[in-house]
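Since the structure comes first, as structure tokens, the remarks are kept for the end.
Numbering (the working numbering), first residue to last: 40 to 444.
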């Protein structure tokens, strides 16, 4: 596979699609070309941010991982493992079970490494020191298996941001404190990705936590994470200015963002003469989400996010609040009363009116948790809106009484 090449495959048989795209990319030859050994340590890094099934559009389909493993094992590679560290507030083992990885990996005889429990070390990432888990750094060949999806703080997440799962929890919190774009752009300069297989089967194009999956039936492969993510921008109708970590990564020497120099090869699932599934080259792009459809889907989330005062919040906390607000608004709850509600590490030790999470424990009204449970958050916010409404009525009636007297 060439440096500036992207291979796209459309279909419905996910495991077969993953296997075929590895074959079309010449993954076996790539590994042997770099490592010269069938004993090379090959590590697969999916996106398992939390216990959310892939059908919700937030996590990597286990069928994709199984397709890659099956290809590698049939090619003669045996030193395989899968690693991931879920986001702050969730346990990786819970994600492993809910997402269907536990039984699949046991059946295939492939070990799993929980990066939340892994040791780490400081690495120079193009001038920025970042603490990275030791397991992914030890890979002879690292395969990144991200999900192309929306994100509440970075607008989009795919190959570059998926590497954030390879850093320890304190470092994840630090990323949010200093601003996500710069460290994400630098991270892949110190943790090299050798092959990227992006899950674009039914990802949520509005939010990283899933819940609004959009059927796309697509997987695509690349060796350049910057080019991969630039391609995602095009598919999601986003401007590069909205996702600045892509250009930052390019400036750090991670890859190239110029799609005009890319060679995109598209394969589509079909049936051969023998009735078996085959994949043929096609020039036509299957129907995809239009710019107006994309804007329509994101408009609601953008609206409720404007109600929130966010300072250095972690994705797990902020990523739960905004969808809950959207859900409450859809149910007819007057979430406008919550305007100015605060969230994030920037409010530690400070006072205020309304707050979410342990970082706002000094506020008049605050929901504890790091992060708070979604159901508890929804119930608490719903009750809070009612209380605020009652207080407004009382204030209004007392004002009328004073005028009458």
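The beta-carbon is built from N, C-alpha and C at its ideal position, and this holds for glycine as well. In this text the structure is predicted, and so the values were computed from the model without any measurement.
| query | Taking the C-alpha atoms as reference points, what is the distance between residue 325 and residue 113? | reply | With a pLDDT of only 43 at residue 325, under the threshold of 50, the placement of this residue in the model should not be trusted; the figure read from the coordinates follows. If I take the Cα positions, the gap works out to 31 Å.
| query | How about residue 91 and residue 120: are their beta carbons less than 7 Å apart? | reply | no
| task | Please classify residue 192: is it buried, with 16 or more other beta-carbons within 10 angstroms of its beta-carbon, or exposed? | result | buried
| task | Return helix, strand or coil for residue 204, following the three-state DSSP convention. | result | helix
| query | In three-state DSSP terms, what is residue 170? | reply | strand
| From what residue to what residue does the alpha helix (DSSP H) around residue 228 run? | 220-229
| Segment limits, beta strand (DSSP E) that includes residue 236 | 234-239
| query | Count the other CB atoms within 10 Å of the CB of residue 302; is the residue buried (16 or more) or exposed (fewer)? | reply | exposed
| For residue 392, which of helix, strand or coil comes out of DSSP? | coil
| field | Extent of the continuous alpha helix (DSSP H) run through residue 196 | value | Here residue 196 belongs to no alpha helix (DSSP H); instead the beta strand (DSSP E) covers 194-196.
| query | So, is residue 342 buried or exposed, given that buried needs 16 or more other C-beta atoms within 10 angstroms? | reply | exposed
| request: Would you decide whether residue 417 is buried or exposed? Buried here means 16 or more other CB atoms lie within 10 Å of its CB. | output: buried
| message | Only counting the same chain, and skipping five residues up and downstream in sequence, which positions put a Cβ closer than 6 Å to that of residue 328? | response | Any answer about residue 328 is weak, because its pLDDT of 47 lies below 50 and its placement is not dependable; what the coordinates show is given next. For residue 328, where only same-chain residues beyond five positions count, there are no Cβ hits under 6 Å.
| message | Just to confirm, is the Cβ distance from residue 393 to residue 380 under 7 Å? | response | The Cβ-Cβ distance between residue 393 and residue 380 falls below 7 Å.
| query | I think residue 45 touches residue 270, with their Cβ atoms under 8 Å apart; what is that distance to the nearest whole Å? | reply | 6 Å
| task | Could you please give me the residues that DSSP links to residue 164 through a beta bridge? | result | 167
| Are the beta-carbon atoms belonging to residue 238 and residue 103 less than 7 Å from one another? | yes
| Where residue 209 falls, given that 16 or more other Cβ within 10 Å makes a residue buried | exposed
| Quick one: what does DSSP say residue 317 is sitting in, helix, strand or coil? | Reduced to three states, the DSSP call for residue 317 is strand.
| residue 166: buried (16+ other C-beta within 10 angstroms of its C-beta) or exposed? | The residue is exposed, with fewer than 16 neighbouring Cβ atoms inside 10 Å.
| message | Distance check for residue 365 and residue 323, CA to CA, integer angstroms please. | response | Annotation note: pLDDT 44 at residue 323 (below 50); position unreliable, no value reported.
| request: Would you be able to state if there are at least three C-beta pairs under 8 Å between the stretch 61-74 and the stretch 166-184? | output: yes
| Distance between residue 404 and residue 432 (C-alpha atoms, nearest Å) | 19 Å
| request: Report the partner residues of residue 304 according to the DSSP bridge assignment. | output: DSSP, once it has assigned bridges, lists 46 as partnering residue 304.
| request: Could you name the residues that DSSP lists as bridge partners for residue 259? | output: Answer is 47 and 237, bridged to residue 259.
| field | Exposure label - residue 117; buried when at least 16 CB within 10 Å | value | exposed
| query | Can you tell which of 246, 316 and 309 has its C-alpha closest to the C-alpha of residue 98? | reply | 246
| said: Please identify the residue among 137, 289, 131 and 264 whose C-alpha is closest to the C-alpha of residue 200. | reply: 264
| query | What are the partner residues of residue 404, as DSSP defines its beta bridges? | reply | 393
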